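Some notes on the structure that comes next.
In my numbering, the protein residues as written are 475 to 705.
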């Protein structure tokens, strides 16, 4: 089984509510009929808990599709492309350091809490192997130890499968308690001011080792699991 991650930009005439209904309704049914073993939809919709937003390209949604083989992706891409003004797809290697067991929503319903999605480019100063080690080999532990995350998904983008895809090398999904959006103590899983400062320091120092902030794209979004790949 292979995972494909598609970043979508909606058509200007379509409202975000219409786009959500389309993706979770007709598009989801068509993708399932076309062989999707798993399907998730992440949207920058009005239901998203407000959080840090850094945007240059302003994508509307991220749709993940699990297929027996990526060679069969063509019809699925046609379904998504027909609903968008731009579509960027990637063959993806997924790692889930934190599986969501605390706040599991019914299929098709929004995952509760603050859900953030970050789109990463590799800094020019780092070789790929060094960048990957700094992120997954080192930063993963720091992120887990310094934040209140109840879901942590690392999508390593192996290669683009569509034309004109941005040069992202990873898409990171993290879910936090809703209170984390407004309370740093909750976000950084801190009990004291001293612990808060220490967690913030560790997190920032680690991020600076593998993130080019001038090219970082991050958004608060809403996540909907439509079909679980492993059920």
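For every residue, glycine included, the Cβ atom is placed at its ideal position computed from N, Cα and C.
All values derive from a computational prediction rather than experimental measurement.
- If you ignore the 5 residues before and after residue 581, its C-beta comes within less than 8 Å of the C-beta of 699, 700, 701, 702, all in its own chain and listed in chain order.
- In this structure, the CA atom of residue 539 is about 9 Å from the CA atom of residue 509.
- Inter-residue distance for residue 501 and residue 595 is about 29 Å (C-alpha atoms, whole angstroms).
- By the neighbour-count definition (other C-beta atoms within 10 Å, threshold 16), residue 549 is an exposed residue.
- Per the Cβ contact rule, the stretch 487-506 is not in contact with the stretch 657-666 (fewer than 3 Cβ pairs under 8 Å).
- Residue 680 sits in a helix when the DSSP states are folded into three classes.
- Exclusion of the five residues before and after residue 553 leaves 501, 504, 505, 508 as the residues of its chain whose Cβ lies within less than 8 Å of its Cβ.
- By the neighbour-count definition (other C-beta atoms within 10 Å, threshold 16), residue 678 is an exposed residue.
- Assignment of beta-bridge partners to residue 514 by DSSP yields 538, 699.
- For residue 605, the enclosing alpha helix (DSSP H) stretches over residues 602-606.
- In the DSSP assignment, residue 479 falls within the unbroken beta strand (DSSP E) covering 476-484.
- Distance from the CA of residue 650 to the CA of residue 620, rounded to the nearest whole angstrom, comes to 12 Å.
- Under the DSSP assignment, residue 620 falls in the alpha helix (DSSP H) whose first and last residues are 614-620.
- Take residue 693, set aside five residues on each side of it, and the residues of its chain with a beta-carbon closer than 6 Å to its own are 518, 527, 591, in chain order.
- Residue burial is scored here from C-beta neighbours: residue 589 has at least 16 other C-beta atoms within 10 angstroms and is therefore classed as buried.
- Nearest neighbour of residue 574 by Cα position, chosen from 587, 542, 599, turns out to be 587.
- Here residue 543 is near residue 476, since their CB atoms are less than 8 Å apart.
- DSSP places residue 527 outside both helix and strand once states are collapsed to three, so it counts as coil.
- When secondary structure is reduced to three states using DSSP, residue 661 falls in the helix class.
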